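In the numbering used here, the protein residues as written are 7 to 184. Note that the Cβ used here is the ideal one computed from N, Cα and C, for glycine as well. Owing to the predicted nature of the structure, the values given are computational and were not obtained by experimental measurement.
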Ligand SMILES: [Fe+2]
């Protein structure tokens with residue numbers, strides 16, 4: 007539901023990237039990294055390393071120079087650094103700035119599904135309705151550039167479990183949790 011609200015309130019031009027929920031796990035002040043660098047600070051045994059590659063383009067199809075991509079994903083144990091005392095702060099986070107080709111290249115892990123906390127109101131809402139608290143694997147992005155509207159979005163793994171039941175989490179977040 008909350009993603010639907012985002013879409014209805016989205017007034018950017020047709021053809022622009024559809025915004026999605028911000029989510030509760032963004033952290034201000036992620037380190038700036040060089041294009042092509044890895045966001046993996048703490049390697050884990052079952053890391054499946056991949057490279058995220060794409061371009062930031064304007065509505066006219068031209069690359070945008072100087073766009074920042076503030077991105078975050080969980081470690082391969084399914085936890086963000088802020089929920090895992092064993093991870094270094096800012097593990098799996100970084101801010102990347104595009105060059106004149108608008109291209110981004112980020113080394114990370116293939117996103118894994120994770121569970122939102124099940125012990126709060128969101129968990130209660132989900133479980134009382136017979137739903138689960140898993141999210142499909144995804145990477146979060148906030149993309150910003152001078153003269154352009156900032157967009158927050160996710161990249162999902164098309165082969166991830168739980169993609170077809172994502173609405174459960176959306177409904178829960180509409181209630182303000184987690
Ligand atoms: Fe997330």
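task: Excluding the 5 residues preceding and the 5 following residue 88 in the sequence, name in chain order all residues of the same chain whose CB lies nearer than 7 Å to its CB.
output: 31, 33
message: With H, G and I counted as helix, E and B as strand and the rest as coil, what does DSSP make of residue 134?
response: helix
message: Considering only the alpha carbon of each residue, which of 63, 161, 103 lies closest to residue 147?
response: 161
message: Tell me the DSSP secondary structure of residue 192 in three-state form.
response: In the structure as shown, the chain starts at 7 and stops at 184, and residue 192 therefore has no counterpart that could be examined.
Beta strand (DSSP E) runs contained entirely in the segment 104–134, provided each spans 3 or more residues: 109–115
field: Beta-carbon gap between residue 141 and residue 119 smaller than 8 Å
entry: yes
message: ligand 1 and residue 29: does any heavy atom of the ligand fall closer than 7 Å to the residue's C-beta?
response: yes
message: Let's see if you can read the secondary structure: which residues bound the beta strand (DSSP E) around residue 150?
response: 144–150
task: Say yes only if the C-beta of residue 144 is nearer than 7 Å to one or more non-hydrogen atoms of ligand 1, and no if none qualify.
output: yes
message: Buried or exposed, going by whether 16 or more other CB atoms sit within 10 Å of the CB of residue 76?
response: buried
field: Three or more C-beta pairs below 8 Å linking the segment 122–129 and the segment 54–72
entry: no
- request: From the DSSP output, in three-state form, read off residue 181 for me.
  value: The pLDDT assigned to residue 181 is 49, lower than 50, so where the model puts this residue is not dependable, and the model offers no usable value.
task: State the CB to CB distance for the pair residue 61 and residue 108, rounded to an integer number of angstroms; the pair is presumed to be in contact (CB under 8 Å).
output: 5 Å
- prompt: In three-state terms, what does DSSP make of residue 20?
  reply: coil
- prompt: residue 27: which of 170, 168, 157 sits nearest, CA to CA?
  reply: 157
query: What residue from 40, 154, 163 has the CA that sits closest to residue 66's CA?
result: 154
query: When DSSP builds the beta bridges, which residues end up paired with residue 158?
result: 148
query: Taking 7 Å as the cut-off, does the CB of residue 141 come closer than this to any heavy atom belonging to ligand 1?
result: yes
- prompt: When the distance is taken between beta carbons, is residue 37 closer than 8 Å to residue 159?
  reply: no
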